[in-house]
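First residue of the sequence shown: 1, per the UniProt record's numbering; consecutive thereafter.
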Amino acid sequence: MEACSPQWQERLSAWFDGEVQAHEQQAVAHHLSRCAGCAREAARYASLRQALRAEGSAEQQVPPELEERVTRLVTRPRPSFPRRRLAAGLAAVLASVGVLWTSWPSGMNEALAMDLERHHLKAFSRIAPCEFESSDPAEVKAWVEREVGYPVDVPVVPGATLLGARRCRLHGKLSASLLYRHEEGKAMTLFLPLPGSAAAQEAARFAGDGPRCTQGPVGERICVLPGGGERAALAVSEMEPAVLLAALARLSP
Numbered sequence: 001m002e003a004c005s006p007q008w009q010e011r012l013s014a015w016f017d018g019e020v021q022a023h024e025q026q027a028v029a030h031h032l033s034r035c036a037g038c039a040r041e042a043a044r045y046a047s048l049r050q051a052l053r054a055e056g057s058a059e060q061q062v063p064p065e066l067e068e069r070v071t072r073l074v075t076r077p078r079p080s081f082p083r084r085r086l087a088a089g090l091a092a093v094l095a096s097v098g099v100l101w102t103s104w105p106s107g108m109n110e111a112l113a114m115d116l117e118r119h120h121l122k123a124f125s126r127i128a129p130c131e132f133e134s135s136d137p138a139e140v141k142a143w144v145e146r147e148v149g150y151p152v153d154v155p156v157v158p159g160a161t162l163l164g165a166r167r168c169r170l171h172g173k174l175s176a177s178l179l180y181r182h183e184e185g186k187a188m189t190l191f192l193p194l195p196g197s198a199a200a201q202e203a204a205r206f207a208g209d210g211p212r213c214t215q216g217p218v219g220e221r222i223c224v225l226p227g228g229g230e231r232a233a234l235a236v237s238e239m240e241p242a243v244l245l246a247a248l249a250r251l252s253p
């Protein structure tokens with residue numbers, strides 16, 4: 001996440017939720033005009049809100065002029081070669097190691113993809129992203145299994161720190177999510193839906209013989225590793241698919 005401070009990360013989260021008054025919206029707009037990091041973070045929220053509205057979500061309205069300002073402020077550097085060539089090159093590299101890459105829209109269930117992005121972005125928009133904080137896989141495993149009622153694997157991911165876990169709902173079913181932060185500060189969530197649940201079945205169907213990666217409606221990378229018995233694990237992050245696949249590979253077969 002790219003906000004300039006934990007306090008501003010929390011304020012942007014409240015702005016996204018429609019929990020700020022008019023004078024606070026003005027303060028947010030003023031800050032965004034001067035802070036490129038917070039502007040990029042706000043743009044991610046704006047994209048997520050747009051996707052949720054398209055799905056019929058009843059989000060509170062944010063003044064369109066503020067969203068316009070955020071869009072104008074976000075000026076990411078453009079590559080010197082066409083985006084299509086970059087996507088084609090990435091697809092070729094992934095295909096060479098047996099990974100299927102699809103851009104959005106893809107074969108993944110849209111509601112599931114948006115759920116994954118929303119839970120990931122919302123968790124890391126908080127000062128404390130986890131419901132249960134611990135870097136000890138055994139402690140996290142015990143908490144998760146007690147809360148969700150099914151066994152999970154909590155992997156040690158090289159180059160990343162385990163922050164803890166949260167409960168979430170995927171397709172309306174209680175599910176486990178594990179939160180990590182990589183050395184460069186980028187966030188990653190591993191989702192472990194209940195085996196046999198609608199989310200696990202949708203993910204496994206998308207992955208096929210897998211693994212398979214895609215880019216969600218908001219732009220986060222989503223990778224799926226199918227397992228036997230209608231099981232699947234999913235990783236979500238802004239990082240490259242290879243990093244997500246390496247994390248999924250640490251899960252027990």
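For glycine and all other residues, C-beta sits at the position ideal for the given N, C-alpha and C.
DSSP three-state assignment for residue i, whether helix, strand or coil
i: Val224; result: strand
i: Val154; result: coil
i: Leu32; result: helix
i: Val218; result: coil
i: Leu12; result: helix
i: Ala249; result: coil
i: Val243; result: helix
i: Cys213; result: strand
Close beta carbons around residue i, own chain, < 8 Å, minus the five adjacent residues each side
i: Cys130; result: Ala123, Leu163, Gly164, Ala165, Arg166 and Leu179
i: Lys141; result: Val152, Asp153 and Val154
i: Pro137; result: Val154, Pro155, Val156 and Leu162
i: Cys4; result: Cys35, Gly37 and Cys38
i: Val148; result: Arg167, Leu174, Ser175, Ala176 and Leu194
Residue i burial status per 10 Å Cβ neighbour count (16 or more: buried)
i: Arg146; result: exposed
i: Ala128; result: exposed
i: Gly208; result: exposed
i: Gly210; result: buried
i: Asp115; result: buried
i: Glu41; result: buried
i: Pro253; result: exposed
i: Ala14; result: exposed
Same chain only: Cβ atoms within 6 Å of residue i, ignoring 5 sequence neighbours per side
i: Arg85; result: Its pLDDT being 44, under 50, Arg85 is placed unreliably by the model, and nothing is read from it.
i: Gly216; result: Ala113, Glu117 and Ile222
i: Val236; result: Leu116, His120, Thr189, Glu220 and Ile222
i: Leu170; result: Asp115, Pro193 and Ala199
i: Ser197; result: Lys173
i: Asn109; result: Glu202
Alpha-carbon to alpha-carbon, residue j and residue i
i: Lys186; j: Glu220; result: 12 Å
i: Glu10; j: Ser125; result: 6 Å
i: Leu230; j: His182; result: Rather than Leu, the amino acid found at residue 230 in this sequence is Glu. Roughly 29 Å separates the two Cα atoms.
i: Gly107; j: Ser134; result: 35 Å
i: Met239; j: Ala203; result: 20 Å
i: Leu245; j: Ala232; result: 13 Å
i: Arg212; j: Phe206; result: 8 Å
i: Gly56; j: Gly172; result: The predicted model places Gly56 with a pLDDT of 46, which falls under 50 and marks its position as unreliable; any figure quoted below should be read in that light. C-alpha separation (whole angstroms): 16 Å.
i: Val224; j: Leu234; result: 5 Å
i: Ala29; j: His23; result: 10 Å
i: Phe191; j: Gln201; result: 13 Å
i: Pro241; j: Ala27; result: 37 Å
i: Tyr150; j: Val218; result: 30 Å
i: Val243; j: Gln25; result: 36 Å
i: Leu12; j: Ala43; result: 10 Å
i: Glu184; j: Pro195; result: 32 Å
i: Pro226; j: Thr214; result: 14 Å
i: Gln7; j: Gly159; result: 26 Å
i: Gly228; j: Ala111; result: 23 Å
Chain-order list of residues whose beta-carbon lies under 7 Å from that of residue i (same chain, five-residue window excluded)
i: Val157; result: Tyr180, Ala247 and Arg250
i: Cys168; result: His119, Ser175 and Ser177
i: Phe132; result: Val140, Trp143, Gly164 and Ala165
TODO: Mind listing, in chain order, the continuous beta strand (DSSP E) runs of no fewer than 3 residues lying wholly within the segment 126-204?
DONE: 160-170, 173-182 and 187-192
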